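**Q** In order, the protein sequences belong to chains A, B, C, D, E and F.
Residue numbers for the first sequence follow the working numbering, so the first one is 1237 and each next one is one higher.
Residue numbers for the second sequence follow the working numbering, so the first one is 1237 and each next one is one higher.
Residue numbers for the third sequence follow the working numbering, so the first one is 1237 and each next one is one higher.
Residue numbers for the fourth sequence follow the working numbering, so the first one is 1237 and each next one is one higher.
Residue numbers for the fifth sequence follow the working numbering, so the first one is 1237 and each next one is one higher.
Residue numbers for the sixth sequence follow the working numbering, so the first one is 1237 and each next one is one higher.
Backbone N, C-alpha and C define an ideal beta-carbon position, used for all residues, glycine too.
Source: prediction; values computed, not measured.
Number of protein chains: 6
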Amino acid sequence: MNEFSHFDESGRPRMVDVGEKPVTLRRAVAECVLALPDKIYEALLSGGVSKGDPFKTAELGGIMAAKKTPDLIPLCHNIRLGGISVRCGLSEEERAVRIECEATANDVTGVEMEALVGATMAALVFYDMCKALDKGMIIKEARLIEKSGGRSGHWINS
Amino acid sequence: MNEFSHFDESGRPRMVDVGEKPVTLRRAVAECVLALPDKIYEALLSGGVSKGDPFKTAELGGIMAAKKTPDLIPLCHNIRLGGISVRCGLSEEERAVRIECEATANDVTGVEMEALVGATMAALVFYDMCKALDKGMIIKEARLIEKSGGRSGHWINS
Amino acid sequence: MNEFSHFDESGRPRMVDVGEKPVTLRRAVAECVLALPDKIYEALLSGGVSKGDPFKTAELGGIMAAKKTPDLIPLCHNIRLGGISVRCGLSEEERAVRIECEATANDVTGVEMEALVGATMAALVFYDMCKALDKGMIIKEARLIEKSGGRSGHWINS
Amino acid sequence: MNEFSHFDESGRPRMVDVGEKPVTLRRAVAECVLALPDKIYEALLSGGVSKGDPFKTAELGGIMAAKKTPDLIPLCHNIRLGGISVRCGLSEEERAVRIECEATANDVTGVEMEALVGATMAALVFYDMCKALDKGMIIKEARLIEKSGGRSGHWINS
Amino acid sequence: MNEFSHFDESGRPRMVDVGEKPVTLRRAVAECVLALPDKIYEALLSGGVSKGDPFKTAELGGIMAAKKTPDLIPLCHNIRLGGISVRCGLSEEERAVRIECEATANDVTGVEMEALVGATMAALVFYDMCKALDKGMIIKEARLIEKSGGRSGHWINS
Amino acid sequence: MNEFSHFDESGRPRMVDVGEKPVTLRRAVAECVLALPDKIYEALLSGGVSKGDPFKTAELGGIMAAKKTPDLIPLCHNIRLGGISVRCGLSEEERAVRIECEATANDVTGVEMEALVGATMAALVFYDMCKALDKGMIIKEARLIEKSGGRSGHWINS
Chain A
1237 MNEFSHFDES GRPRMVDVGE KPVTLRRAVA ECVLALPDKI YEALLSGGVS KGDPFKTAEL
1297 GGIMAAKKTP DLIPLCHNIR LGGISVRCGL SEEERAVRIE CEATANDVTG VEMEALVGAT
1357 MAALVFYDMC KALDKGMIIK EARLIEKSGG RSGHWINS
Chain B
1237 MNEFSHFDES GRPRMVDVGE KPVTLRRAVA ECVLALPDKI YEALLSGGVS KGDPFKTAEL
1297 GGIMAAKKTP DLIPLCHNIR LGGISVRCGL SEEERAVRIE CEATANDVTG VEMEALVGAT
1357 MAALVFYDMC KALDKGMIIK EARLIEKSGG RSGHWINS
Chain C
1237 MNEFSHFDES GRPRMVDVGE KPVTLRRAVA ECVLALPDKI YEALLSGGVS KGDPFKTAEL
1297 GGIMAAKKTP DLIPLCHNIR LGGISVRCGL SEEERAVRIE CEATANDVTG VEMEALVGAT
1357 MAALVFYDMC KALDKGMIIK EARLIEKSGG RSGHWINS
Chain D
1237 MNEFSHFDES GRPRMVDVGE KPVTLRRAVA ECVLALPDKI YEALLSGGVS KGDPFKTAEL
1297 GGIMAAKKTP DLIPLCHNIR LGGISVRCGL SEEERAVRIE CEATANDVTG VEMEALVGAT
1357 MAALVFYDMC KALDKGMIIK EARLIEKSGG RSGHWINS
Chain E
1237 MNEFSHFDES GRPRMVDVGE KPVTLRRAVA ECVLALPDKI YEALLSGGVS KGDPFKTAEL
1297 GGIMAAKKTP DLIPLCHNIR LGGISVRCGL SEEERAVRIE CEATANDVTG VEMEALVGAT
1357 MAALVFYDMC KALDKGMIIK EARLIEKSGG RSGHWINS
Chain F
1237 MNEFSHFDES GRPRMVDVGE KPVTLRRAVA ECVLALPDKI YEALLSGGVS KGDPFKTAEL
1297 GGIMAAKKTP DLIPLCHNIR LGGISVRCGL SEEERAVRIE CEATANDVTG VEMEALVGAT
1357 MAALVFYDMC KALDKGMIIK EARLIEKSGG RSGHWINS
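1. Residues in the segment 1344-1359 of chain C with C-beta within 7 Å of chain D's C-beta atoms, listed in sequence order?
2. Grab me the residues of R1323(B)'s own chain with a C-beta within less than 6 Å of its C-beta, minus the 5 sequence neighbours each way, in chain order.
3. Could you tell me whether the segment 1286-1300 of chain B touches the segment 1370-1387 of chain B, where touching means 3 or more Cβ pairs closer than 8 Å?
4. Hey, does R1316(D) have any beta-carbon neighbour from chain E nearer than 8 Å?
5. Using a Cβ-Cβ distance under 8 Å, would P1249(E) count as near chain D?
6. Going by beta-carbon coordinates alone, are N1314(A) and K1303(E) separated by less than 8 Å?
7. With distance defined between alpha-carbon atoms, name the residue in A1266(D), H1242(D), T1356(D) nearest to E1338(D).
8. Pull out every residue of the segment 1267-1293 of chain E whose Cβ sits closer than 7 Å to any Cβ of chain D, in chain order.
9. Considering only residues of the same chain and omitting the five flanking positions on each side of V1259(E), which have a CB-CB separation below 7 Å?
10. Kindly indicate if chain E contains any beta-carbon less than 8 Å away from that of H1313(A).
11. So is L1281(A) buried or exposed if we call it buried at 16+ other beta carbons inside 10 Å?
12. Pick out the complete beta strand (DSSP E) segments inside the segment 1306-1341 of chain B, 3 residues or longer, and give them in chain order.
13. Quick check: the segment 1298-1312 of chain E against the segment 1350-1359 of chain E, are at least 3 beta-carbon pairs closer than 8 Å?
14. Is the Cβ of S1241(D) closer than 8 Å to any Cβ of chain E?
15. With a 10 Å radius around its C-beta and 16 neighbouring C-beta atoms as the bar for buried, classify G1385(E) as buried or exposed.
16. In angstroms, rounded to a whole number, what distance separates the CA positions of P1310(C) and K1257(A)?
17. Quick one: list the residues of chain D neighbouring L1296(F), beta-carbon separation under 7 Å, in chain order.
18. Can you name, in chain order, every residue of its own chain whose Cβ lies under 6 Å from the Cβ of N1238(F), other than the five neighbours on each side?
19. Quick one: what does DSSP say L1396(C) is sitting in, helix, strand or coil?
20. What residue from I1375(D), G1325(D), R1263(D), V1353(D) has the CA that sits closest to R1387(D)'s CA?
21. I want to see whether chain F comes within less than 8 Å of A1301(E), judged by CB atoms only; does it?
22. To be precise: take each residue of the segment 1365-1376 of chain B, compare its Cβ to all Cβ atoms of chain A, and keep it if any distance is under 8 Å. Which residues remain?
23. Please report how far the alpha carbon of M1373(E) lies from the alpha carbon of Y1363(E), in whole angstroms.
24. What's the gap between the Cα of G1247(C) and the Cα of P1306(E)?
25. In this structure, what does DSSP give as the bridge partners for P1249(C)?
26. Out of G1389(A), V1361(A), D1370(A), point me to the one whose CA is closest to P1249(B)'s CA.
27. Can you give me the C-alpha to C-alpha distance between A1279(B) and S1327(B), rounded to a whole angstrom?
28. Would you please verify whether the beta carbon of G1385(B) is less than 8 Å from any beta carbon of chain C?
29. Between which two residues does the alpha helix (DSSP H) harbouring E1348(B) extend?
30. Restricting to Cα atoms, I'd like to know which of E1348(E), C1268(E), L1296(E), L1270(E) is closest to K1367(F).
31. Along chain E, which residues have their Cβ under 7 Å away from the Cβ of V1361(F)?
32. Counting only C-beta atoms, is N1255(F) closer than 8 Å to chain B at any point?
33. Whose Cβ in chain F lies nearer than 8 Å to the Cβ of P1306(C)?
34. Suppose you measure from the CA of V1252(D) to the CA of F1243(D); what does that come to, to the nearest Å?
35. Expressed to the nearest angstrom, what Euclidean distance is found between the alpha-carbon atoms of G1390(A) and D1274(B)?
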């Protein structure tokens, strides 16, 4: 089974050599949903928390975490990220925080891991900001939504 | 609403002063479930992947990420972690990887964030090891299971 | 001249051994003033910048930088910070941003460097947020205001 | 007010997408002046401090800090720095340490922040080396002197 | 003596400016030999240690350390590594662990330091995994084996 | 074989829980010898290299690397180091650089890894400073010399 690209033929982990791969424009979008207990949801709705700061802190924390992806994912390359944005918003329907992280790079490897790290860590930053109220927040979903660029082309989570 | 302990009265973020809090034994356990597409699930079951290495890499990556928690969570303290362990296993029933991270410390603040970062990042490390096969893996759940120690005492996610 | 405590008798740098020093409550406050060109000052006054976000980003960035002090100051100890807060505000009189960073720790070494790094880096984060408008912002002053705890006792910048 | 390039139209921070910007040779120079109390100034002049080591340590610390700029400035890109140099010297006229940091890169974004971080952190490293003598050292000025390269062209602090 | 490229003419350290150097394919291989006391050698041979895990942990630790080279070597550039692999194996003849690290990059500077850091740190990770049995393991050799690419061309340690 | 303390009974790596271990004064000393090719040895002897700066840079780099030990050694604890010193000197007899690193801590775990990382990384920093002259420098030995404190008591490499 040589499709597991991070192992060489003897089962040893390696950082895949990308030296010869062409530079193309890469883009990936990941999403994370953090379900909120009533106590937190209502505190956020009633605007008591200095009007939305846990959202801004989570967005900034997610961006900074995405830049640390090669420190966190052992076999990930140090790439030159083009841009990162993180959007956090309250979904009233789901009584949840919905987070989207988009990463782009003009580079030889994809940015899926950066997008996933950014979205997921933004959720944990949000958790940290609100955990004094209730520790029962739960990440209900974190996944890659879409990626483009590179040999494997466009991919959409269907 | 002063229950959001990370904001001072003017809505400004701060790292809460814990200088006077007593040192007690803290423990937290978090869990993460990563659902696997058939292609990956079957490759893992058939043992083709050098017998389980994505699991070991994820465990190690989760431990190392948990140690970086204060770099990732803006208002988290640099504490002296006592121990961290991460367990990853294949859940045949759920066709998923189930990950548990336990963190302990003899310190003045809790270790909930360390446990959550360890479990969640282990899932993303696992994702990275297998994403060449299929990018459709999804974190279905990540949450705190239990914590003990400190003023707020024992807490179990019910 | 053995008062330069970071050099041993042969002029070699060393991280001073603090193993036997008593744990006491330490506190330090540093201040930084960033003078603003008219273009930026007026944009901030007129509230055009989504109501103060460069301030919040700078506060958060200062807190995170203060936690990295031992990575930045070669001979600084890895201490367990008790708390950090950073306050940024517009000083109309000075047409400047005035930043104050307070650090505390219940530890064997002082936290002066943490307070200075937090205040100074918050100013540079603010600079980065506004530099597209005008690169002429200038740090006019950065200094320690006060420290307490430890053998050298209370110190105030007079 | 869309001139604050780090905010998107809804006031949310983002790391600006530079994926399509052309690679050009960038250069920036920043300067920092650290005023010295008499006790330190005279100790340095009399050559008692193993002949200038706080200067070398500050230069090295400034270079290493400049490389960490993307970890310190939340919305700064991870770029591939071409070169960094830091020069620290005693200005007898000002009774101060004068520090200059030059950064260069062949990249898509400017290196102003790297130059400012390098100059400012070198001053704080110097502070740390001498603070056992007197904590009253003060950064009197830290600013960008000059930058070139990129769409905004040559800029000189006048 | 201006052959010490990391010093400028006044003896001041600097990160050499590589902005104008051409991008070429770089490759370097380093090797490290860790001699094992009998107690550890026999434990490893008898397969008692969950079948080789210290080897896998050392390989992964070496890869992650190699990515941190610019944080560890003060005047090293932040480059975009193409690939890293670390191989650890038991040499029965030498009663030692033999480690090889290969680094590649399509960049303007060489990757010798990355290969040396990867091989040497893998040895120390191995040491850490086994030190509870015996602390007498010794690195008997760590050296660059080969490098290619760049102006200085192909080099082999003879 | 449960003497490999970093693995639990199922062969899974873990960071050993030290929460209940007593705080004692720990000390460890490690040594590293870097053999020099003639070209470098003679350049250093003739004092052409701004009088010993590769030594000072290596000492400082070793101290900074030792502080990063928990980032480099996957299962190492984040401890509060008490002090670190690194001494580099030219051994005329061996035509080598001899490096000694001493680490101390008043903590629950030993500091062997910190001492070994400090000594070994100082050697690689020295290598980097001189490699433009000749890449044939070789680490001939790196080992723990002595440790004290903790349950296992005093240990000397005999």
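**A** If we stick to the structure as given:
1. Within the segment 1344-1359 of chain C, the residues whose Cβ lies closer than 7 Å to some Cβ of chain D are E1348, M1349, L1352, V1353, T1356, M1357, listed in chain order.
2. E1336
3. no
4. yes
5. yes
6. yes
7. A1266(D)
8. none
9. N1342, D1343, V1344
10. yes
11. exposed
12. The qualifying runs are 1317-1327.
13. The count of Cβ pairs closer than 8 Å, one atom from the segment 1350-1359 of chain E and one from the segment 1298-1312 of chain E, reaches three, so the stretches are in contact.
14. no
15. buried
16. 38 Å
17. T1293, L1296
18. Below a pLDDT of 50, predicted positions are generally treated as unreliable, and N1238(F), at 44, falls in that range; no measurement from the model is reported.
19. This structure does not reach residue 1396(C), given that chain C is present from 1237 up to 1394, and the question cannot be answered.
20. Answer by Cα proximity: R1263(D).
21. Yes, A1301(E) counts as interfacial toward chain F.
22. M1365, C1366, K1367, A1368, L1369, K1371, G1372, M1373, I1374, I1375, K1376
23. 7 Å
24. 26 Å
25. F1243(C)
26. For P1249(B), the closest alpha carbon among the candidates G1389(A), V1361(A), D1370(A) is that of V1361(A).
27. Roughly 14 Å between the two C-alpha positions.
28. no
29. 1348-1366
30. E1348(E)
31. I1309, P1310
32. Sequence inspection shows Gly at residue 1255(F); the Asn mentioned does not correspond to that position. Yes, its Cβ sits closer than 8 Å to a Cβ of chain B.
33. Under the 8 Å cutoff, chain F gives K1303.
34. Taking the straight line from one Cα to the other gives about 8 Å.
35. In the sequence under discussion, the amino acid at residue 1390(A) is His, which differs from the Gly named in the question. Spanning the two alpha carbons is a distance of roughly 21 Å.
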